[in-house]
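A.B. asks: Mapping of the sequence shown onto the numbering used here: residues 91 to 175, in sequence order.
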Amino acid sequence: MAKSKIVEANEKIAENVVGGYKKIEEGVVGGYKKIENGAVSGFNKIADKFVDSFLTKEGESVEEARKRLAAEQKAREEAGKAGIK
């Protein structure tokens, strides 16, 4: 059975609308990801400078200082939980 011209035109319109929506969606999501990556990158640079300037010990790298600080924080949290019980 042959499709009517109205059904064919409706399907073509629907395909174009969906295609346009997907292009807009990809553009918006792509733009958001670029902004997000830039913000996170900037924050990490500032955080690394802070750790390097104020929290590293002599001869310690920023990464080593971050690991040490994380371990100290975990130990404080565990000690706090043990003291609450």
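By construction, the Cβ of each residue, glycine as well, lies at the ideal position given by its N, Cα and C atoms. Since this is a predicted model, take the numbers as computed values, not measurements.
DSSP state of Gly120, grouped into three classes?
C.D. replies: The answer is helix: DSSP assigns Gly120 an H, G or I state.
A.B. asks: Count the C-beta pairs between the segment 129 to 143 and the segment 152 to 163 that are closer than 8 Å, then say yes if the count reaches three, no if not.
C.D. replies: At 8 Å Cβ cutoff, the stretches touch.
A.B. asks: What number of angstroms, rounded off, separates the C-alpha of Glu168 from the C-alpha of Gly117?
C.D. replies: Glu168 and Gly117: Cα-Cα distance of roughly 45 Å.
A.B. asks: Could you check what DSSP says for Glu148 in three-state terms: helix, strand or coil?
C.D. replies: Looking at Glu148 - three-state DSSP - the assignment turns out to be coil, as it is neither helix nor strand.
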